[in-house]
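Novice: Handing you a structure now.
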Amino acid sequence: MTEADLKQTDLHEVHVSSGAKMVPFGGWSMPVQYASILDEARRVREHVGLFDLGHMGRLEVKGPDAARFLDSVVTSFVGKIPVGAIRYGLVCAEDGGPLDDLLLYKSSDEDVFVVANASNCATVLAWLNDHVGSHDVTITDRSDELAMLALQGPRSQDALQPLVEGKDLGEIGYYKFAFATVCGIPDVRISRTGYTGEDGFEIYFPCAESVRVWNALLEAGAEHGLAPIGLGARDTLRLEAGMPLYGHEIDREHNPVEAGLNFGISFKEEKGDWVGRAALAAIKEAPRRKLVGITTEGKRVPREGYLLFDGDREVGHVCSGAVSPTINTNIGSAYLPVELAVAGQTIDMDIRGKRQQCVVCDLPFYSRTRK
Amino acid sequence: MRPDDRKYLDSHEWAKLEGDLIVVGITDFAVEELSNGNEGDLVYCDLPEVGREVEQGETFGEIESVKAVSDLNAPIGGEIVEVNADMMEHLETLAEDPWKKGWLIKIKPTDASMDHLLDAEAYEQHITADH
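These protein sequences, in sequence, are chains Z and X.
Going by this note's numbering, 302 is the number at position 21 of the first sequence; the sequence numbering is gapless.
Going by this note's numbering, 246 is the number at position 89 of the second sequence; the sequence numbering is gapless.
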């Protein structure tokens, strides 16, 4: 895909003029970094960072059967999500292989807002439409109409609150959402969610307002240390926090059970049957491998695709890797056979014929609540 | 304009004739691409052992930044007779002075002709066209 084929968010010019390095990501031209990836990651852990997430897929599922329909195609129990709350879930094929992972925002059993990955949005939309059957629902793709920004870091609330009218952000709990006026724009969806392992918010509003809101946030947040953050640091932060990225930790061949995502899967009878349930239930009974973290004292950084060895036996490969500024070592994620997926186990990483020792650890590498 | 006392590969290595040896390094553009202007983002450099023979275009080492690994390619074939071992521990030198102190290897060429390489002007055009 050439640069000309890539989609651009309404903030593209703003990123370019501020010196961001733009890269293709999920069919979009997105900022990978504005400055140092490591400094950007540290800023989010210590202060607050601003992310353009306009590439994400956003779908509305509305109608009398909205929750019931979603319960037949996603892994989480949508009917049981409290109104005003958000849950993580996945859309899986019959064999349990995920087509994407999602956040589900429930306004009511008749109104659920779904956030999908940029690269999978069209697939998810088509899959949902194919599985509607007799359910009375309307599925609408709002991706091109809505901007999506994230504020992530301990000072997120301080940075966002001055621009919000009529809502104390302190009232929005973790994985909850509300609507309020932001920068004079009414009914902005504000959720206390994110993909960094830090406290923070994601906001959704008409994309024509993108530049104005972006600049207002940069101005209001300056005193709290706010700066724009690229996808490079976002990848480091989510890996430190043990969060999967579709295409790396999960894909059609890597199911959510072995990825450790059981919190997003409901086998409850009341949910009814759903696509992939039987396959995932069987895997849960007898998992063969497990997603773990690896750390290495060596200088080389784990990179996607590097093979892992136990002696001469190839036992897996690296899904994602990064230099971790938070725990100050090189980190990665990998699937290992269950007998090797034990904290403290050592394995070798092959880097073009050279071996470097790694130590297995449980995910996440970093938790802000479990220090 | 980059120094015109040397030649360039389109993969951003430079080659400079010094006596009967070819000194090889990478350009400021390469360093910038790898580190995005932050020398701390360079994490590793793997250079070959002295005595190794390389062919023109062959990968002789790797340089790694926070976000990626890049091959280092030989602009010219020959025997590697000297390696800047300090570089592996002091990657900041690459950012400070990629043209002189940041040299990587010296090659005793089998054929010293550098006609196949880009001159400074052609290299300049190459990086402008790409970006």
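Yeah, the Cβ is synthetic: ideal placement off N, Cα and C, and Gly gets one too.
Keep in mind it's a predicted model, so treat the numbers as computed, not measured.
At a Cβ cut of 7 Å, what residues of the stretch 222-236 of chain X count as close to chain Z, listed as they run along the chain?
Specialist: Per Cβ criterion, the list reads V223, K224 and V226.
Novice: Taking only beta-carbon positions, decide if Z:K652 is within less than 8 Å of chain X.
Specialist: Confidence is the limiting factor: at Z:K652 the pLDDT is only 47, short of 50, which leaves the residue's position unreliable, though a coordinate-based value still follows. Judged by the 8 Å Cβ criterion, Z:K652 is not in contact with chain X.
Novice: Can you pull the chain X residues whose beta carbon is under 7 Å from the beta carbon of Z:V582, in chain order?
Specialist: Those within 7 Å of Z:V582 in chain X are V200 and E221.
Novice: Helix, strand or coil for Z:A603, going by three-state DSSP, please let me know.
Specialist: Three-state DSSP puts Z:A603 in a strand.
Novice: Please confirm if Z:H293 has its CB atom under 8 Å from at least one CB of chain X.
Specialist: No - not a single Cβ of chain X is within 8 Å of the one on Z:H293.
Novice: Measure from the C-beta of Z:I471 to each C-beta in chain X and report whether the shortest distance is under 8 Å.
Specialist: Z:I471 does not count as touching chain X.
Novice: From this set, Z:A559, Z:A567 and Z:E500, which residue's C-alpha is nearest Z:G330's C-alpha?
Specialist: For the residues Z:A559, Z:A567 and Z:E500, the minimum Cα distance to Z:G330 belongs to Z:E500.
Novice: Note the first and the last residue of the continuous beta strand (DSSP E) segment covering Z:F358.
Specialist: Note, Z:F358: premise wrong, no beta strand (DSSP E); not H, not E.
Novice: For Z:L406, name the three-state secondary structure that DSSP assigns.
Specialist: The answer is helix: DSSP assigns Z:L406 an H, G or I state.
Novice: I'd like to know if Z:I608 contacts chain X, where contact means its C-beta is closer than 8 Å to some C-beta of that chain.
Specialist: No, Z:I608 does not count as interfacial toward chain X.
Novice: Against chain Z, which members of the stretch 238-262 of chain X pass a CB distance test of less than 7 Å?
Specialist: Cβ contacts with chain Z: none found.
Novice: Classify Z:P363 as buried or exposed, calling it buried when 16 or more other Cβ atoms lie within 10 Å of its own Cβ.
Specialist: Per the 10 Å Cβ criterion, exposed.
Novice: Could you tell me if Z:R558 is buried or exposed, where buried requires 16 or more neighbouring beta carbons within 10 angstroms of its beta carbon?
Specialist: When all chains shown are included, Z:R558 counts as buried.
Novice: Tell me the residue span of the beta strand (DSSP E) that contains Z:K387.
Specialist: Its beta strand (DSSP E) spans residues P379 to S389.
Novice: Tell me, which residues are paired with X:I264 by DSSP?
Specialist: Beta-bridge pairing links X:I264 to X:I179 and X:I237.
Novice: At what residues does the alpha helix (DSSP H) containing Z:A366 begin and finish?
Specialist: Here Z:A366 belongs to no alpha helix (DSSP H); instead the beta strand (DSSP E) covers A366 to C373.
Novice: Around the Cβ of X:H273, are there at least 16 other Cβ atoms within 10 angstroms (buried) or fewer (exposed)?
Specialist: The residue in question, X:H273, is exposed, as its Cβ has fewer than 16 Cβ neighbours within 10 Å.
Novice: At the 8 Å Cβ level, is X:G218 part of the contact set with chain Z, yes or no?
Specialist: For X:G218, the answer is no, since every Cβ of chain Z falls outside 8 Å of its Cβ.
Novice: Reducing DSSP to helix, strand and coil, say where Z:C639 ends up.
Specialist: Correct three-state label for Z:C639: strand.
Novice: Go ahead and pull the three-state DSSP assignment for Z:F544.
Specialist: If DSSP states are grouped into helix, strand and coil, Z:F544 belongs with the helices.
Novice: DSSP on Z:L617, reduced to helix/strand/coil?
Specialist: Correct three-state label for Z:L617: strand.
Novice: Can you look up Z:L572 in the DSSP assignment and give me helix, strand or coil?
Specialist: Residue state, collapsed to three classes: strand.
Novice: Please name the residue, chosen from Z:A603, Z:L572 and Z:H598, that lies closest to Z:G579 on a Cα-to-Cα basis.
Specialist: Of the listed residues, the one whose Cα sits closest to Z:G579 is Z:A603.
Novice: Counting only Cβ pairs nearer than 8 Å, list the residues of chain X close to Z:V297.
Specialist: Those do not exist, as Z:V297 stays about 12 Å from chain X at its closest Cβ, beyond 8 Å.
Novice: Smallest Cα separation from X:L261: which of X:H283, X:E221, X:E253 and X:M245?
Specialist: Selected option, being the one with the closest Cα: X:M245.
Novice: Following the continuous beta strand (DSSP E) through Z:W309, name the residue where it begins and the one where it ends.
Specialist: Unbroken beta strand (DSSP E) run through Z:W309: W309 to Q314.
Novice: In the DSSP assignment, find the beta strand (DSSP E) that holds Z:I484 and state where it starts and stops.
Specialist: G481 to P487 is the span of the beta strand (DSSP E), which, as asked, contains Z:I484.
Novice: Please report the distance separating the alpha-carbon of X:E249 from that of X:E196.
Specialist: The straight-line gap from Cα to Cα measures roughly 6 Å.
Novice: With a cut-off of 8 Å, does the C-beta of Z:Q637 fall near any C-beta of chain X?
Specialist: No, because no Cβ of chain X sits closer than 8 Å to the Cβ of Z:Q637.
Novice: Output yes or no for whether 8 Å exceeds the beta carbon distance between Z:R470 and Z:Y456.
Specialist: No, the pair does not count as a contact, with Cβ atoms beyond the cut-off.
Novice: How long is the line joining the alpha carbons of Z:V582 and Z:T404, rounded to whole angstroms?
Specialist: Looking at the two C-alpha atoms, the distance is approximately 33 Å.
Novice: Grouping DSSP H, G and I as helix and E and B as strand, with all else coil, what is Z:K448?
Specialist: If DSSP states are grouped into helix, strand and coil, Z:K448 belongs with coil.
Novice: Can you find a C-beta in chain X that's less than 8 Å from the C-beta of Z:I318?
Specialist: Answer yes: the Cβ-Cβ gap between Z:I318 and chain X drops below 8 Å somewhere.
Novice: Could you tell me how far apart the beta carbons of X:G235 and X:V211 are, in whole angstroms, since I believe they sit closer than 8 Å?
Specialist: So it is a contact: roughly 7 Å between Cβ atoms.
Novice: To the nearest angstrom, how far is it from the Cα of Z:A440 to the Cα of Z:Q637?
Specialist: Approximately 42 Å, taken between the alpha carbons.
Novice: Between Z:L319, Z:R349 and Z:G300, which has its C-alpha nearest Z:W555's C-alpha?
Specialist: Nearest option by C-alpha distance: Z:R349.
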